[in-house]
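Presented below is the structure to which this report refers.
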Amino acid sequence: MNDFISERGLSAPDGRAIYAYRCSDTEFSQLGILLRTHAPKKTTKFIFMNYTDVLFVLYASEYIRRNHVEGHPKWDGIVDSISWGQVPTPLLYKKTTDGIRFWKRDIRSIGHALGYLHTLACEGGLPIRMIENESGYLINYFRGIYSEIKGQHGNRPALDIAKVLGCNIPATMQNDLVYEVAGEFCHTLHTLLSQQGGSGMTSLNLLRKNIPEWYKKLPLVLPEESALDIVKKILSVDESGVAGTQLFRVERHWVASDGSWYCDAKFRIPRTLRTEQITDLFECKINSNQSRLILSAQWQSGCARLALLTKTEDQLWRVETLPAAGKPLTGSAALQNIIVTLHEGPCLLGRVHRKVVWP
-11 MNDFISERGL SAPDGRAIYA YRCSDTEFSQ LGILLRTHAP KKTTKFIFMN YTDVLFVLYA
49 SEYIRRNHVE GHPKWDGIVD SISWGQVPTP LLYKKTTDGI RFWKRDIRSI GHALGYLHTL
109 ACEGGLPIRM IENESGYLIN YFRGIYSEIK GQHGNRPALD IAKVLGCNIP ATMQNDLVYE
169 VAGEFCHTLH TLLSQQGGSG MTSLNLLRKN IPEWYKKLPL VLPEESALDI VKKILSVDES
229 GVAGTQLFRV ERHWVASDGS WYCDAKFRIP RTLRTEQITD LFECKINSNQ SRLILSAQWQ
289 SGCARLALLT KTEDQLWRVE TLPAAGKPLT GSAALQNIIV TLHEGPCLLG RVHRKVVWP
């Protein structure tokens, strides 16, 4: 453990997220061998070697980042890979709590419960294999952040953009660490590509030529092949920004967390809309001189403005989501019917009852 820390020019953990230590493939492999070789043995109680909790947290976080593909992470894959299947779950909770404290990090909460496995998933950073999956929600999430950064006229922080678009990823991934990594990744990528000139694949090819180790500048631990594949998918959105556009909807999610369940409802809002999509959805007319619209939502116990719609071309509207759009409805509000309204200033243009759908 001391070697791992000292090789990074440190005398002790400095409070950074575990993914930021950039554990190498060799280190991860050696860590797995060590934990398997010294798997806890039970006599009257389980006996662990020194620093097991610290090593376990590092290994588990890295395991999730390297191997998780879809859905919610589970303990099974982690413990089976190091022959810890005999260790009861409450003891895994304790090892996670003790180990995370060494790294000067905290156990995260999910609702009213502590999320031990959720904490490990966040500490490892965004899972490589999940990002690499073209149909995965994270690639679409990255596309959205990158497109917002590229298309914005001001200097809105990438972290704020990532938070607003966070409604497009599962509730268990909606936390400041994920927003920070995703925002920093897309901001760094945009900066690197902008410095090369050109656009799209042209700027990417120039970047690879001018900075051979460009992928090491990204705030995720990725081999070049994986980084290149991800960036190509992010850049695959067409120039109009319409790729991946879906009509506005509301989704309810039941989320399992360490043996308990909770429900939330999330808004799904596209980045662009065409005039005919808006008129079909709200059954209204939009005049040629109308250029700014407001999308809002109402439910029994509250209401919120969700987005501003700005006409950019004859039949195309740019959607700028507001902070409320990124906040899931929880508790009784998550179970209520949602009314979506469209306004021009104070004038109501149309409304529609959106049934909560199951993903």
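Here my numbering is used: the first residue of the sequence shown is -11, the next is one more, and so on.
Here a beta-carbon is modelled for each residue, glycine too, at the ideal position from N, C-alpha and C.
Small disclaimer: the values here were computed from a predicted structure and weren't measured.
### Task
Would you kindly check if the distance between the Cβ of Tyr125 and the Cβ of Asn156 is under 8 Å?
yes
### Task
Starting from the Cα of Leu79, find the closest Cα among Thr298, Tyr104, Gly59 and Ala215 and give me that residue.
Tyr104
### Task
Measure from the alpha carbon of Glu249 to the alpha carbon of each residue in Gly319, Leu296 and Ser214, then state which is nearest.
Note that residue 249 corresponds to Trp in the displayed sequence, not to Glu. Of the listed residues, the one whose Cα sits closest to Trp249 is Gly319.
### Query
What separation, rounded to the nearest whole angstrom, lies between the Cα atoms of Val230 and His26?
Because Val230 carries a pLDDT of 41, less than 50, the predicted location of this residue cannot be relied on, and the following value inherits that uncertainty. Whole-angstrom Cα-Cα distance: 53 Å.
### Query
DSSP state of Ala231, grouped into three classes?
Because Ala231 sits at a pLDDT of 40, beneath the cut-off of 50, its placement in the model cannot be relied upon, and the following sentence gives the value as read from the coordinates. Ala231 falls in the coil class under three-state DSSP.
### Query
Alpha carbon to alpha carbon, how far is Met(-11) from Tyr39?
8 Å
### Reference Leu177; option with closest CA among Gly113, Phe44 and Lys138
Lys138
### Message
What does the alpha-carbon distance come out to for the pair Ile21 and Glu15?
### Response
10 Å
### Task
Look at Gln162 and Gly154 and say whether their C-beta atoms are less than 8 Å apart.
yes
### Nearest neighbour of Arg306, chosen from Lys197, Gln140, Ala312 and Cys335 [CA to CA]
Gln140
### Query
With 16 other CB atoms within 10 Å as the buried threshold, where does Met37 fall?
exposed
### Query
Closest by CA to Leu108, which one among Arg93, His100 and Arg117?
Arg93
#### Entry: Neighbourhood of Ser191 by C-beta, 6 Å cutoff - its chain only, sequence neighbours within 5 removed
Leu181 and Gln184
### Pairwise C-alpha distance: Val219 and Asn424
The displayed coordinates of the chain run from -11 to 347. Any statement about residue 424 would go beyond what the structure contains.
### Task
Could you check which residue in Ile95, Glu168, Ala321 and Lys205 has the C-alpha nearest to that of Lys82?
Ile95
### Task
Kindly identify the DSSP beta-bridge partner or partners of Ser284.
Arg293 and Thr329
### Query
By the 10 Å Cβ neighbour count, where 16 or more other Cβ atoms means buried, how is Trp72 classified, buried or exposed?
buried
### Task
Determine the direct distance from the alpha carbon of Gln278 to that of Ile365, and round the result to whole angstroms.
The chain is shown from -11 up to 347; residue 365 falls before or after that span and cannot be answered.
#### Entry: Separation of Tyr167 from Arg53, as counted between CA atoms
16 Å
### Task
Classify Leu200 as buried or exposed, calling it buried when 16 or more other Cβ atoms lie within 10 Å of its own Cβ.
The question names Leu, but residue 200 in the sequence shown is Pro. Classification of Pro200: exposed, given that the 10 Å Cβ count is below 16.
### Message
Looking at Val152: is its Cβ nearer than 8 Å to the Cβ of Ala321?
### Response
no
#### Entry: Extent of the continuous beta strand (DSSP E) run through Gly103
Ala101 to Gly103
### Message
In the DSSP output, what is Trp305 paired with across the bridge?
### Response
Leu261 and Lys299
### Query
Taking the alpha carbon of Ala0 as the point to measure from, which residue in Asp68, Val42 and Ser17 has its own alpha carbon closest?
Val42
### Query
Which of helix, strand or coil does DSSP assign to His341?
strand
### Query
If you count every other CB in all the chains shown that lies within 10 Å of the CB of Glu111, and 16 or more means buried, which is it?
buried
### Message
Within 10 Å of its beta-carbon, does Glu58 have 16 or more other beta-carbons around it, so buried, or fewer, so exposed?
### Response
exposed
### Task
Evaluate Asp252 with the Cβ neighbour count: other Cβ atoms within 10 Å of its Cβ, from every protein chain shown; 16 or more gives buried, anything less gives exposed.
buried
### Query
Exposed or buried, what is Met189 when buried is set at 16 or more other beta-carbons lying within 10 Å of its beta-carbon?
exposed
### Query
Where DSSP assigns a beta bridge to Ala8, which residues make up the other side?
Answer by DSSP bridge pairing: none, since Ala8 is not bridged.
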